[in-house]
Every structure is written in C-alpha cells, then in structure tokens.
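Shown next, in structure tokens, is the structure this report addresses.
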Amino acid sequence: MQKEESDPFIDKKQFPMIGNLTKDIDKLYSSKRKLTIEGDRYLDHHRFNNVPFLPGVMGLEFFAELVKYLQPEREILKFVNVEFKSAIRLKDDQPKEIQTDIKFNINSAEAAITSQVMKDGKLTNDSKLHFKSEIKFGTKEVEAVKLPSMKNLPLLNEQFIYEILPHGPLLQVLSEINHIEENMLAVLKHQKKQLMSWKHKEFLINPLSIEACFQALGLMDFIDCGRAGLPSKIGELIFYKTNSEPYFIVGQKKGDVEKGGLFDFQLVTKKGEVVVKAIDFQTVEINLGETTNILERIRSHQIRMLFKIPKLAWLEVVSNNLLRDKLSREPEFIGAFLHPDEIKEFDKLNEDEQKKMIPELYAQKRALRIVLRGANMCDLKIELDEKMEPFCQHKNKTIYLTIKRIENYSLAMASYKRKVDIELTQKEELLKKIIEKVKTN
137 MQKEESDPFI
147 DKKQFPMIGN
157 LTKDIDKLYS
167 SKRKLTIEGD
177 RYLDHHRFNN
187 VPFLPGVMGL
197 EFFAELVKYL
207 QPEREILKFV
217 NVEFKSAIRL
227 KDDQPKEIQT
237 DIKFNINSAE
247 AAITSQVMKD
257 GKLTNDSKLH
267 FKSEIKFGTK
277 EVEAVKLPSM
287 KNLPLLNEQF
297 IYEILPHGPL
307 LQVLSEINHI
317 EENMLAVLKH
327 QKKQLMSWKH
337 KEFLINPLSI
347 EACFQALGLM
357 DFIDCGRAGL
367 PSKIGELIFY
377 KTNSEPYFIV
387 GQKKGDVEKG
397 GLFDFQLVTK
407 KGEVVVKAID
417 FQTVEINLGE
427 TTNILERIRS
437 HQIRMLFKIP
447 KLAWLEVVSN
457 NLLRDKLSRE
467 PEFIGAFLHP
477 DEIKEFDKLN
487 EDEQKKMIPE
497 LYAQKRALRI
507 VLRGANMCDL
517 KIELDEKMEP
527 FCQHKNKTIY
537 LTIKRIENYS
547 LAMASYKRKV
557 DIELTQKEEL
567 LKKIIEKVKT
577 N
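According to the numbering used here, the sequence shown holds residues 137 to 577 in order.
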C-alpha cells in the first residue's frame, strides 16, 4: 500500500513522542519512533528484573500527541477499552522501534502501538500488538467527589513505597499511601524533572499523575492479597474539566480477575475536583521476588493505625513471625534490645517462657525508643511495679507500658500516663480482615 509523507519536520519539544509520520490511502496515520535509553530517560527508571519497559501510560501519551498534532481542534474526552496486551521491552538496553497507528472516525479514533517481530536476531515482516485503545472526543465536564478523611500517620511513606516498587527516581511519583480501608487514599508527588534528554514543553494527559494511580492501585492489590500488579486493561479512562493540579488518588477495589485485580479510581484535586476517572482498571501479576517481610511490616503498620494513640504516647506493633525469623538468622540480635540485667533474668527462663516474652519485650523497647526520641533499646530496663505492671525509669522520667497480644502480633503502648489502655478506634471487623489476610497470604 503506497504511503505519502505527512510532515517530517515535527517540533520535538512540543511532540516528543511522534517520530517519522506517514499516511496511507485509507487515512491511517503511522508514526515510527525509536525508543532509546539515552533519549527517553524515563525508560531507565522503569525496569523490572533490570529490563526497561515502556510505561503503559506513555503509550496513551503517544496516542494523545497524534490527536493534538493531526486534529488539534479535537478534545479527548476518554480512552475506552484500553488494552496493554504485551510489554514493550528494550532487551539488553538496545534501542527499539515502535509504530503508533491512528485512524479517525466522526467522533472517535482507533489507536494501536505495534513493533516488528524479531526472530533469530533478525526483523521479520510480522508485527506484534502491544497497546491499543479507542479514543472518544467531546467536551469535558466538571465532576467532584467527597474525599475520605486523611490519617495523621500514613500507611506507607515514599521511602517504604519504593522499597516495594522498583521504579527509579524519575518515576517515583507517589508521596504516600495514606490508608487502605474501604477506599484507598494516596497522595501524589509532583515531579519537575525532564523525562527526555531534551527539554519538552508539556505532556497532554498528565501521564505521571496517571502513572501514580497505576502504582497506587498496584500497591492496593499487593497489600490486599500479596500480589504485585502492572496495568493490563482499562474499561474507561475519562478526563474532566478543572484548572487545579491533581493531588489525591482515591481507589476502590471491585474484585479479582484472572492473575490480577479489578478497580475504579479517581485522580482529584485538593478540593475534590475530579481530573481523571478510571472505570474497570485491571492489573496483571508481576513477580517482585520475595515480599513476605515487606508484607508483614505493612500488616503491622495497618494494625497500629486502627488503635487510638494518645498524645505523648506511642503504640508499637511487632510481627512475632518476623522477629522469630530474624533471631533464627541473628541470635546475637537479642543483645541489641535487652538490657544486661534483663539478659540475666531471661537466661533463667525455659524455652517456652522465652518465646512468649521476647516479642512483648521487643515491642515495649521499640515503643520506648520512640517516646524517648532515639534512646538505645539495650540501655532501657523494664521493671514491674507492685501491681506487676511494666514501666521504665529513664533520666528521672517514668514511662508506663501496656501490652496486648493479637494473633501473631505483639502490641505495646508507652506513655507518660499510668496504664493507658490499648483501645480500638474502629470496628473489630477491620482488624479481623487484616489478620485473615495474614493467615491466607
């Protein structure tokens, strides 16, 4: 089929995703562009098992730039039936040429990204479909949602998030996962760094904010069932009218699909104005390696967030399983938190008594360390008063301790007030759900 050149002189700063553009006699536009680690800097920050992947949302940006360049009078209202069918990988960090095709209809368009199949190190005439979507045009509407209340202490901070996810600094776009209960609430981190090796003017669909949504929902699935997920499909990705910057991500899990989860999410401003909404967002599982320890740490934090913590107090939750595993690998670790006098008393106990006492002592020492602002745990000695209640005397200060055991977790409250109870702030059912996930994962 004969093709004619459309415009070989495209402004790279304005349309960084468009390559060599052609049009055939059926009015199918095609853009061929070579992806490189050097030029597309974000690829080096989106690696799985050390292989660079093109983020799915950047594929949608490819589609949006073609619309803007070819038919600037059109406004994208939504992407429909999005499928990320096959990952675009840069094997051995080598450049990869991809082709983006788009065909316009009256109020819509159909778009796809393909590449030529390699066989025995050579390109063939066969093509492989990677991403595809329908695009609907129209006028954006205004929509707002009521935001869930924020917790003072987030479930995951930025450092913890990127201990789990392998994204590099350019794609570290989440500031925190505030909480995951009936809804998930996450906070964006706005990146100012250039994703290309050249300075481009702007993106069209706010891809980094949508990438943050993909990451947040993947984490929601990970925390819910221990399964890390990449985007697979989106029923609808709808854009709304607003002049404000996105700030929050609100997500809801609707269920499970084969090898993944099913969600809705809203990307919203600080005032609750919707910027982007996704309906039927699906993930597909990806292997992140051994994640048991990370999940246990998250579960401990989830449990702690359910309890009321008074001022000048701290509640610590310790996973008995994690502590047991650590001590089996590093028996000397016990000396890092037990006072020398406590070690003498500890050695007098039988094995069963030691197993019961160790998690409780460790939880108390961790709580004391927070209240006393970084004191060494092994310098703190826990004693019992006349009522056999634990306390710690440190530099003329008395800190009172309360202990509670829930399944395989040990809880300890440290407070300057005598006998502060460890009380739930929410329904017991939520605690039971978390504990059940621990048992089943």
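Ideal placement from N, C-alpha and C gives every residue a C-beta, glycine not left out.
Residue i burial status per 10 Å Cβ neighbour count (16 or more: buried)
i	result
methionine 137	Low confidence applies to methionine 137: its pLDDT is 34, below 50, so where it sits in the model is not reliable, and the reading given next is rough at best. By the 10 Å Cβ count, methionine 137 comes out exposed.
serine 436	buried
glutamine 377	Here residue 377 is lysine; the residue named in the question, glutamine, does not match the sequence. Counting Cβ neighbours within 10 Å, lysine 377 comes out exposed, since fewer than 16 surround it.
isoleucine 212	buried
glutamate 140	Annotation note: pLDDT 45 at glutamate 140 (below 50); position unreliable, coordinate value reported separately. By the neighbour-count rule (16 or more Cβ atoms within 10 Å), glutamate 140 is not buried but exposed.
asparagine 379	exposed
threonine 260	exposed
leucine 373	buried
arginine 169	buried
isoleucine 628	Residue 628 lies beyond the stretch modelled for the chain, which goes from 137 to 577, so this question has no answer here.
threonine 538	buried
methionine 194	buried
glycine 365	buried
methionine 254	exposed
aspartate 357	buried
isoleucine 297	buried
threonine 236	buried
In DSSP terms, what residue i is bridged to
i	result
asparagine 293	Glu312
isoleucine 238	Tyr165, Ala247
glycine 387	Met320, Phe401
arginine 435	Arginine 435 is not bridged to any residue.
leucine 179	DSSP, once it has assigned bridges, lists no residue as partnering leucine 179.
alanine 223	Note: alanine 223 sits in no beta bridge, so no partner.
methionine 286	DSSP lists no partner for methionine 286.
valine 218	Ile370
glutamate 528	The question names glutamate, but residue 528 is cysteine in the sequence shown. Paired residue(s): Ile518, Ile535.
serine 546	Val454, Arg541
phenylalanine 184	Val187
methionine 332	Asp176
valine 556	BP columns for valine 556 are empty, so no partner.
valine 393	Gly396
glycine 365	Glu421
serine 551	Ala449, Tyr536
Pick from the options that is closest to residue i, judged by C-alpha positions
i	options	result
histidine 530	Arg465, Tyr552, Asn544, Ile542	Tyr552
glutamate 219	Arg505, Thr250, Lys232	Thr250
glutamate 197	Gln490, Glu209, Gln150, Lys255	Gln150
aspartate 461	Val281, Phe339, Thr236, Asn544	Asn544
threonine 419	Asp160, Lys447, Lys413, Gly397	Gly397
glutamine 327	His315, Asp557, Asn342, Glu432	Asn342
proline 231	Ala247, Gly175, Asn186, Ala280	Gly175
alanine 223	Asp256, Phe184, Glu201	Phe184
aspartate 521	Gln207, Arg554, Lys501	Arg554
serine 455	Leu448, Ser244, Leu331, Gln500	Gln500
proline 367	His181, Ile346, Ile359	Ile346
glutamate 421	Lys227, Gly354, Gly274, Ile385	Gly354
asparagine 288	Gly304, Leu301, Ile313	Ile313
phenylalanine 469	Leu508, Arg433, Met513	Met513
lysine 163	Glu246, Val253, Lys258	Glu246
leucine 321	Lys406, Gly362, Asn243, Lys335	Lys406
leucine 459	Phe273, Asn186, Phe473	Phe473
Range covered by the beta strand (DSSP E) that runs through residue i
i	result
tyrosine 498	Per DSSP, tyrosine 498 belongs to no beta strand (DSSP E); it is in the alpha helix (DSSP H), 487-507.
methionine 194	Methionine 194 -> not in any beta strand (DSSP E); alpha helix (DSSP H) instead, spanning 192-206.
glutamine 418	410-421
Opening and closing residue of the alpha helix (DSSP H) in which residue i lies
i	result
isoleucine 96	Residue 96 lies beyond the residue range present for the chain, which begins at 137 and ends at 577; the question has no answer from this structure.
glutamine 351	343-361
phenylalanine 482	476-482
Helix, strand or coil at residue i [DSSP, three-state]
i	result
serine 464	helix
glutamate 299	helix
isoleucine 470	helix
aspartate 256	coil
arginine 578	Because the chain spans 137 through 577 in this model, residue 578 falls outside it and cannot be assessed.
glutamate 141	Note that glutamate 141 scores a pLDDT of 46, beneath 50, so its modelled location is shaky; the value from the coordinates is reported in the next line. Glutamate 141 falls in the strand class under three-state DSSP.
proline 152	coil
leucine 594	Here the chain covers residues 137 to 577 and nothing more, so residue 594 does not appear.
leucine 307	helix
leucine 265	strand
leucine 459	helix
isoleucine 430	helix
glutamate 229	The sequence given here places aspartate at residue 229; glutamate does not occur at that position. Three-state result, aspartate 229: helix.
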